[in-house]
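**Q** Sequential numbering of the sequence shown, starting at -9, is according to my numbering. Think of the CB as a built atom: it goes at the ideal place given N, C-alpha and C, for glycine as much as any other residue. One structure is given below, represented as structure tokens, and several questions about it will come after.
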Amino acid sequence: MSEQDLRFVTKAQLDSKIQMLRQEILKAKGSGSGGGASFVGLSDTPSSFSGKAGQSPQVNSSEDALEFGVTPLEFLDNFDDEDIFWPWVLDNTATGKTITEANDVLSLHVSYGYDGRFEATNNYAPKAILGIPDFPITITWKQSMSTVNNKTNGGMAFSSGIRVSQSYYAYVGRVRDDSASRNGITFYSSGAGGHHYLDITSNPLWFKVQIPGSYTKVQWTAFYSINGTDWTEIATVTNPVQMWDGAIALFAGNGQFYSQVDIDVDWVKITRNLGAG
-9 MSEQDLRFVT
1 KAQLDSKIQM
11 LRQEILKAKG
21 SGSGGGASFV
31 GLSDTPSSFS
41 GKAGQSPQVN
51 SSEDALEFGV
61 TPLEFLDNFD
71 DEDIFWPWVL
81 DNTATGKTIT
91 EANDVLSLHV
101 SYGYDGRFEA
111 TNNYAPKAIL
121 GIPDFPITIT
131 WKQSMSTVNN
141 KTNGGMAFSS
151 GIRVSQSYYA
161 YVGRVRDDSA
171 SRNGITFYSS
181 GAGGHHYLDI
191 TSNPLWFKVQ
201 IPGSYTKVQW
211 TAFYSINGTD
221 WTEIATVTNP
231 VQMWDGAIAL
241 FAGNGQFYSQ
251 VDIDVDWVKI
261 TRNLGAG
């Protein structure tokens, strides 16, 4: 193309020529199997950035190209490895308390006559995981309660570290308290959120907690489901608990009568987005 020709070239023609030159340079360097001048110009990558904000390139399911997507799954334990120590931190196996994994179920048991209150100073959360992934997160799990005695509860606790202090904790799960005429599910908060209760006794139950921004001064939303598909909100709570080194913990607890408690958990999933589960 001569200098005289350039005076009459259109912008489209010039862009096309530049693109061709870029492709020739890439081919000469051996960069990119598709020979494109940019990521979206390659033949084995997505063709557009539109609508992909916050997503990252990843290998597709057929393992022959790249695509944009999110990898929300941070943690899944379906208790099929019969290993109660990883990736959880185990505690609270004192007399009268057992934690077992068998037949793809985690079982938490507190015998009659023993203090299983997870918030007591000398009783730690029975099975906790530390190092919660970056926010926003959704925590989902499936549980059943085979013995539902008075002054018992069980589910997922949220606190500062493994020890669930009496001042700062929250929990979502199953509860029975005859003195308050409660036998159902609850979202309890020691912070500003208070105590929310629904008269739901289905067994098993699925629970989901969404934490959008951080452990403090945000709105948490808890849901339940009787089939794992259709979700109903329990409550949305602002600033439910103060947490610094956040931990979540599965627990089986009892109150003043120290009744027997049995909680079975099929699986726990933590995802990094709010729509998962």
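Could you give the DSSP three-state label for residue 260: helix, strand or coil?
**A** In the structure shown, residue 260 sits in a strand (DSSP, three-state: E or B).
**Q** Assuming residue 119 and residue 238 form a contact by the criterion Cβ under 8 Å, report the distance between their Cβ atoms to the nearest whole angstrom.
**A** Correct: roughly 6 Å between the Cβ atoms.
**Q** Use the C-beta contact count for residue 66: other C-beta atoms within 10 angstroms, 16 or more gives buried, fewer gives exposed.
**A** It is exposed - the Cβ of residue 66 has fewer than 16 other Cβ atoms within 10 Å.
**Q** Looking only at C-alpha atoms, which of 103, 70, 104 sits nearest to residue 96?
**A** Of the listed residues, the one whose Cα sits closest to residue 96 is 70.
**Q** Would DSSP call residue 13 helix, strand or coil?
**A** Reduced to three states, the DSSP call for residue 13 is helix.
**Q** Considering only DSSP beta bridges, list what residue 209 is partnered with.
**A** DSSP output for residue 209 lists 228 as bridge partner(s).
**Q** Could you please give the first and the last residue of the uninterrupted beta strand (DSSP E) stretch that includes residue 92?
**A** Per DSSP, residue 92 belongs to the beta strand (DSSP E) from 87 to 92.
**Q** What's the C-alpha gap between residue 23 and residue 211?
**A** With a pLDDT of only 47 at residue 23, under 50, the local geometry of the prediction cannot be trusted, and the value read off the model is given with reservation. Looking at the two C-alpha atoms, the distance is approximately 46 Å.
**Q** In this structure, how does DSSP classify residue 7 when only helix, strand and coil are distinguished?
**A** Helix, per DSSP.
**Q** Leaving out five residues on either side along the sequence, give the residues of the same chain with a beta carbon under 6 Å from the beta carbon of residue 215.
**A** 196, 221, listed in sequence order.
**Q** If we ignore side chains and look at the alpha-carbon of each, how far apart do residue 159 and residue 38 end up?
**A** Approximately 45 Å, taken between the alpha carbons.
**Q** Report the start-end ranges of each beta strand (DSSP E) in the stretch 128 to 182 that is 3 residues or longer and not cut off at the edges.
**A** Complete beta strand (DSSP E) runs here, min 3: 142 to 150, 159 to 167, 172 to 179.
**Q** Give me whichever residues DSSP pairs with residue 126 in a beta bridge.
**A** BP columns for residue 126 are empty, so no partner.
**Q** Report the CB separation of residue 252 from residue 137 in whole angstroms; it is logged as a contact under 8 Å.
**A** With 8 Å as the limit, residue 252 and residue 137 qualify as a contact, their Cβ atoms being about 5 Å apart.
**Q** What span of residues does the beta strand (DSSP E) with residue 197 cover, start to end?
**A** Counting along the chain, the beta strand (DSSP E) containing residue 197 begins and ends at 195 to 201.
**Q** Rounded to a whole number of angstroms, what is the C-alpha to C-alpha distance between residue 244 and residue 170?
**A** The straight-line gap from Cα to Cα measures roughly 15 Å.
**Q** CA-CA distance, residue 198 and residue 166?
**A** Their Cα atoms are separated by approximately 20 Å.
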